[in-house]
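Structure, as structure tokens:
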Amino acid sequence: MGDPASIGPEITAKVLDGPGIYDKCKPLIIGDAAVMEKALEIVQKTHLKINPINDINAALFEQGTIDVYDLGLVDVSKLELGRVSPMAGEAAFQYVKKAIELALAGEVDATVTNALNKEAINIAGHHYSGHTEIYAELTGTDKFTMMLAHENLRVVHVSTHVSLREACDRVKKERVLDVIRIADQACKNLGIGQPKIAVAGLNPHSGENGLFGKEEIDEIIPAIEAAVGEGIHAEGPIPPDTVFSKARGGWYDIVVAMYHDQGHIPLKVVGFVYDKEASKWDAVAGVNITLGLPIIRTSVDHGTAFDQAGKGIANELSLENAIEYGILLAKNKKMEE
């Protein structure tokens, strides 16, 4: 459900009232039934019914009814929409924890997360920089990365939620090689038989043969050479100011970005579309997927949007995308088993 003070419950209600969703999967919301009831009022979908449960076997999985695995962590009378609070942060963390537990136990095939607020979960006592790190720790995963996807543009990251200075220090051969391997497997999991992987440089012009930095020579090129030696179709380092356009044009199936904003900015430029005349977001598309985990995790590619919470205007497209990716990954995983 995401942070209960966010747009998460609202876009969840919108998506589950959409056509065909129950023909594709059996959606189960992990959160608070009372918050979802309030969300139905906000988005004017009171024709939907909430089915609170504490056992998956009690779920109905029927169009018109939203099954909520009810953790009962939120006092709705004290919940302030659009505000950071320890109560909301604690609830958001516990929803994620329960989703992971259910997936590890094999009770659900995939998990899809709405946004949580990093400040809220931290003041609630859970010191993580985001979903990715929570999933990694609770599943005991050491080698993992974030992938962003929108249409044919896919990006994975060598580092994410660290300072830019630290991100540069994290560009090491073994880490770059690990991410190339994870990217290759991720594409195969999506049904791409022979993935073509572009590896971005860290520096302008990929260092210009050492003129603007030597990370490409010392770390990135050796990683690419090692990957090619393993039979992976990896190319680079490709200058970061052109690699994403090439991927968008179909030259590559996925791009290995060296740090958070290098990968996030191009994907959000194509996925987030603002209608200036209407003064609203026309589209907020894209998916965030954590790779390298023993379970499937996809997510919306946007934040909690506290400024929109409680207004019923939030765009649900990214959540739709995340569910579609979760379904695709789950189907392909079952075919491999």
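Residues in the sequence shown are numbered consecutively from -14, following my numbering. Virtual Cβ for every residue (Gly too), placed ideally from N, Cα, C.
(message) Taking 7 Å as the limit between beta carbons, can you name the residues of its chain near PRO12, skipping five residues before and five after?
(response) Closer than 7 Å at the Cβ level, and outside the excluded window around PRO12, lie LEU1, ILE6.
(message) Quick check: the Cα distance between ALA105 and SER62, rounded to an integer number of angstroms?
(response) Rounded to whole angstroms, the gap between the alpha carbons of ALA105 and SER62 is 18 Å.
(message) Less than 8 Å between the C-beta atoms of ILE217 and ILE274, yes or no?
(response) The answer is no: Cβ separation not under 8 Å.
(message) Under DSSP, the beta strand (DSSP E) around ASP2 begins and ends at which residues?
(response) Neither: ASP2 is in no beta strand (DSSP E) and is coded neither H nor E.
(request) Determine, using beta-carbon pairs with one atom in the stretch -14 to -6 and one in the stretch 289 to 309, whether at least three such pairs fall under 8 Å. (result) Segment contact: the stretch -14 to -6 against the stretch 289 to 309, three or more CB-CB distances shorter than 8 Å; contact assigned.
(message) Going residue by residue through the stretch 131 to 167, where are the continuous alpha helix (DSSP H) segments of at least 4 residues, counting only ones entirely within it?
(response) Along the stretch 131 to 167, the alpha helix (DSSP H) occurs as fully enclosed runs of 4 or more residues at 149 to 154, listed in sequence order.
(request) Compute the distance between the beta-carbons of VAL97 and ILE308, then report whether it is under 8 Å. (result) With respect to ILE308, VAL97 sits close: the two C-beta atoms are nearer than 8 Å.
(request) Pick helix, strand or coil for ARG282, following the three-state DSSP scheme. (result) Looking at ARG282 - three-state DSSP - the assignment turns out to be strand.
(request) Determine which residues share a DSSP beta bridge with LYS34 and list them. (result) Paired residue(s): THR50.
(request) Count the other CB atoms, across all protein chains shown, that sit within 10 Å of the CB of ALA43; report buried if there are 16 or more and exposed otherwise. (result) Label assigned to ALA43: exposed.
(message) Just to confirm the assignment, what range does the beta strand (DSSP E) spanning TYR259 have?
(response) Counting along the chain, TYR259 sits inside the beta strand (DSSP E) bounded by residues 257 to 260.
(request) Flag this pair as yes or no: are the beta carbons of VAL53 and ILE27 separated by less than 8 Å? (result) Against a cut-off of 8 Å, the Cβ pair of ILE27 and VAL53 comes out as no contact.
(message) Less than 6 Å between C-beta atoms, sequence neighbours within five positions excluded: which residues of the same chain meet that for VAL59?
(response) Non-local beta-carbon contacts of VAL59 in its own chain, meaning distances under 6 Å to residues more than five positions away in sequence, involve PRO(-11), ASP17, VAL20, ALA76 in chain order.
(message) Using only the alpha-carbon positions, how far apart do TYR244 and LEU149 sit?
(response) Their Cα atoms are separated by approximately 8 Å.
(request) Give every residue of the same chain whose Cβ lies closer than 6 Å to the Cβ of HIS287, excluding the five residues on either side of it in the sequence, and list them in chain order. (result) The beta carbon of HIS287 sits closer than 6 Å to the beta carbons of VAL269, SER303 from its chain, once the five residues preceding and following it are set aside; these are given in chain order.
(message) Tell me which residues share the same chain as THR50 and place their Cβ nearer than 8 Å to its Cβ, disregarding the 5 neighbours each side in the sequence.
(response) Take THR50, set aside five residues on each side of it, and the residues of its chain with a beta-carbon closer than 8 Å to its own are LEU33, LYS34, ILE35, ASN36, in chain order.
(message) When you compare the CB positions of ALA232 and LEU138, do they come within less than 8 Å of one another, or not?
(response) The criterion of a C-beta distance shorter than 8 Å is satisfied by ALA232 and LEU138.
(request) Flag this pair as yes or no: are the beta carbons of ILE333 and ILE239 separated by less than 8 Å? (result) The first residue shown for the chain is -14 and the last is 322, placing residue 333 beyond what the model contains.
(message) Looking at the secondary structure, which residues open and close the alpha helix (DSSP H) in which GLY74 lies?
(response) Bounds of the alpha helix (DSSP H) holding GLY74 are 71 to 89.
(message) Once DSSP output is grouped into helix, strand and coil, what is the label at LYS265?
(response) Strand at LYS265.
(message) Which of the three DSSP states is assigned to ILE41 in this structure?
(response) The DSSP-derived three-state label of ILE41 is helix.
(request) Would you mind sorting GLN293 into buried or exposed? The rule is 16 or more other CB atoms within 10 Å of its CB. (result) Answer is buried; the Cβ neighbour count reaches 16.
(message) On a Cα-Cα basis, can you pick out the residue from ALA24, SER230, ASN102 that is closest to VAL81?
(response) Of the candidates ALA24, SER230, ASN102, the one whose C-alpha sits nearest the C-alpha of VAL81 is ASN102.
(message) Less than 7 Å between C-beta atoms, sequence neighbours within five positions excluded: which residues of the same chain meet that for ALA208?
(response) Within the same chain, LYS158, VAL161, LEU162, ILE165 come within 7 Å of ALA208 by CB-CB distance, once the 5 residues on both sides are set aside.
(request) Please check the pair ILE223 and GLY186, which I expect to be a contact at CB under 8 Å, by giving their CB distance rounded to whole angstroms. (result) The pair is a contact, with the Cβ atoms about 7 Å apart (cut-off 8 Å).
(message) Taking its Cβ as the centre, do 16 or more other Cβ atoms sit within 10 Å of THR31, making it buried, or is it exposed?
(response) Exposed.
(request) State yes or no: is the C-beta of GLY110 within less than 8 Å of the C-beta of HIS146? (result) Cβ distance not < 8 Å, so GLY110 and HIS146 don't count as in contact.
(message) DSSP three-state label for PRO92, please.
(response) One detail in the question is off: residue 92 reads as Glu in this sequence, not Pro. Assignment of GLU92 by DSSP, reduced to helix, strand and coil, places it in the coil class.
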